[in-house]
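J.:
Structural data, given as structure tokens:
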């Protein structure tokens, strides 16, 4: 009879966790809706170039390749990324074999299978799994190069690094960290006295070409956006919580072991161990850079430093194994920390799957709406067109155009308009380059227009001017519907029109004559008295404004006024009472049942005509 050891149990646990995590991610990849970056990269990848708005050529091309080879289904478009995500724990285990004993190596693989930063990698066709896998495999190659005289390890390291550099700008921090180690430490400078690291570096430098060529072609637009346009450079105190947020994402026990592992790596560097520096310097550069940027940018994203964690896991596992010795309760704490990470990852997976159901109990995470829900409304709108001219779909912005082209698949050419939100990243440059920008709209074409609805349209001069400009570019505009994408935060209005016409603002449906500003779409509200307000403007004047809940009048007013401290855009001066186009009420929601409701407003004009706003979803608690 074979006697099992503790090492065996850790190994079996790691193998089971890796297999289960891969299966769960496969299920997610097959079912969850496309996020906008997936659609964006696939569209860009179908037009090969040296780079795209926020990345070199690699990321868009790989998204396009997965869909081209394995099919445009959700799973097919993500299969390469799922495979990369499934391989990360195995790569971490392999890296740990070079630096740790069997138990710590298995524990490293187990940690990699369950921690959220790795678990989330592979459910979407997003750069994260590729970046993490490339970083870990690069370290495996560097470890092999240091431990042997076989030059092939260094050549492999150069190739892997080149692929990373050509894939995404975030990977550029890895060779930057390696270079910092090479010049700042004695052991790094000793490496530079040998030939193999230079060979690896020369090969890696080839990967810089796509990004550099693209930036030269575009006046360094991508570099400028990443270095300056993405940051607000104003102090944002919640960003100081970045270390705590990252520890919570890693989960506390594993975060503590990772921190201890990083500390031991630093001590190893001080003792002259080269490989410790090759791991620590890139990982620390990535983590510290984003920690410094977080308090200066309220829009920073939590996943930016994720690629720093997988390489630290072998050393976190070494610290965990060392700490477990001597007391059984310590082993239980370690196992509990791993279990907590698994629960956190499973919770994320359950919530992601909940987005595919019709209920409103899901947690809102942003960018998770199912844009394929627009397929039927767009198809209905296309069937309403006369059919005696070319047919196109015109989308308000880059995200809307990309999601419609990929997820809603209208079967006709999709064009993107010059929306002000796209200016920072320069997305419109690419649509113009592809012949699908606003300047390329064919005169006389029959168009279905899809506009994403903001909550405060008339509080933004840029957005209002954008709508007014469209009124001057389209004729015969008719609004068909406003479609909320569950849970209702994102709303897309569908219109039919003729490109090349002109509609005066007073008669233009793209400029709503009745709208609610507050409550915002999909807001979860207590059932109490609260302000409800918005804008009502009409060429015939406004006699009354009624607030509707599920089609029933619940409040009303015949008063409008100017908004103190703010003048609504002059495009609304067709109303005789302009600038007094603002209305506000205090509405008591206590009598109404908890749950999902439709909130709208009906405007009665001076001639007795009625105009209704779109009905946004709200949730009463």
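In the numbering used here, the protein residues as written are 9 to 629. Every residue gets a Cβ at the ideal spot worked out from N, C-alpha and C, and that includes glycine. Computed from a predicted structure; not experimentally measured.
1) Check whether the stretch 43-57 and the stretch 413-426 are in contact - that is, three or more C-beta pairs closer than 8 Å.
2) If you reduce the DSSP assignment to three classes, tell me which class residue 455 lands in.
3) For the stretch 266-277 against the stretch 200-215, do three or more pairs of beta-carbon atoms, one drawn from each stretch, fall closer than 8 Å, so that the two count as touching?
4) For residue 487, which beta-bridge partners are listed by DSSP?
5) Can residue 508 and residue 452 be called in contact, C-beta distance under 8 Å?
6) Let's see if you can read the secondary structure: which residues bound the beta strand (DSSP E) around residue 523?
7) Please state whether the Cβ-Cβ distance between residue 22 and residue 117 is less than 8 Å.
8) Between 176, 150, 123 and 151, which has its C-alpha nearest residue 134's C-alpha?
9) Among the residues of its own chain, which have a CB less than 6 Å from the CB of residue 305, if the five just before and after it don't count?
10) Please list, in chain order, all residues of the same chain as residue 9 whose beta carbon is under 7 Å from its beta carbon, the five residues on each side excluded.
11) Go ahead and pull the three-state DSSP assignment for residue 144.
12) Quick check on residue 596: buried or exposed, where buried means 16 or more other Cβ atoms within 10 Å of its Cβ?
13) DSSP on residue 17, reduced to helix/strand/coil?
14) Should residue 443 go down as buried or exposed, given a rule of 16 or more other Cβ atoms within 10 Å for buried?
15) Is the beta carbon of residue 607 less than 8 Å from the beta carbon of residue 527?
16) Can you find the residues in the same chain that come closer than 7 Å, C-beta to C-beta, to residue 30, ignoring five residues on each side of it along the sequence?
17) Measuring straight from C-alpha to C-alpha, what distance separates residue 230 and residue 216?
18) Can you find the residues in the same chain that come closer than 6 Å, C-beta to C-beta, to residue 514, ignoring five residues on each side of it along the sequence?
19) Can you have a look at residue 329 and say buried or exposed, based on whether 16 or more other CB atoms are within 10 angstroms of its CB?
20) For a test of the three-state rule: what should DSSP assign to residue 228, helix, strand or coil?
21) Provide the residue(s) that pair with residue 563 in DSSP beta bridges, ordered along the chain.
22) Give the secondary structure of residue 214 by DSSP, where H, G and I count as helix, E and B as strand, and everything else as coil.
23) When you compare only the Cα positions, how much space is there between residue 286 and residue 186?
24) Count the other CB atoms within 10 Å of the CB of residue 363; is the residue buried (16 or more) or exposed (fewer)?
25) In terms of residues, what are the limits of the alpha helix (DSSP H) holding residue 316?
26) Along the chain, where does the alpha helix (DSSP H) containing residue 480 start, and where does it finish?
27) Taking 8 Å as the cut-off, does the stretch 249-269 touch the stretch 122-136 (at least 3 CB pairs, one atom from each stretch)?
28) Run through the stretch 392-423 for me and flag every whole alpha helix (DSSP H) of 4 or more residues, listed as ranges in chain order.
29) What number of angstroms, rounded off, separates the C-alpha of residue 130 from the C-alpha of residue 320?
30) Give the range of the beta strand (DSSP E) segment to which residue 77 is assigned.
31) What are the partner residues of residue 632, as DSSP defines its beta bridges?
32) With 16 as the cutoff for other CB atoms within 10 Å, does residue 224 come out buried or exposed?
33) Tell me whether residue 392, by its Cβ, gets closer than 7 Å to a heavy atom of the ligand ADP.
34) Would you call residue 433 buried or exposed, if buried means 16 or more other Cβ atoms sit within 10 Å of its Cβ?
35) Where does residue 571 sit, in a helix, a strand or coil, going by DSSP?
36) Hey, how far is the Cα of residue 16 from the Cα of residue 113?
T.: So, to answer that:
1) yes
2) strand
3) Under the 8 Å Cβ criterion, the stretch 266-277 does not count as touching the stretch 200-215, having fewer than three qualifying pairs.
4) 503
5) Contact flag set, yes.
6) 522-526
7) Cβ atoms of residue 22 and residue 117: closer than 8 Å.
8) 176
9) 239 and 240
10) With a pLDDT of 47 at residue 9, under the threshold of 50, the modelled position of that residue is not reliable, and no figure is offered here.
11) helix
12) exposed
13) helix
14) exposed
15) yes
16) 94
17) Roughly 14 Å between the two C-alpha positions.
18) 547 and 582
19) Residue environment for residue 329: buried (at least 16 other C-beta atoms within 10 angstroms of its C-beta).
20) Coil at residue 228, not helix or strand.
21) 555
22) coil
23) 6 Å
24) Around the beta carbon of residue 363, a 10 Å sphere encloses 16 or more other beta carbons of the protein chains shown; the residue is thus reported as buried.
25) Counting along the chain, residue 316 falls outside any alpha helix (DSSP H), and DSSP gives it neither H nor E.
26) No alpha helix (DSSP H) holds residue 480; DSSP gives it neither H nor E.
27) Yes, they touch.
28) Listed in chain order, the complete alpha helix (DSSP H) runs (minimum 4 residues) inside the stretch 392-423 are 406-411.
29) 20 Å
30) No beta strand (DSSP E) contains residue 77, which is instead part of the alpha helix (DSSP H) from 66-78.
31) Lying outside 9 to 629, the shown extent of the chain, residue 632 is not represented and no answer is given.
32) Using a 10 angstroms sphere on the CB of residue 224, the tally of other CB atoms stays under 16, which defines it as exposed.
33) You won't find the ligand ADP in this model; it holds no ligand whatsoever.
34) buried
35) Three-state result, residue 571: strand.
36) 12 Å
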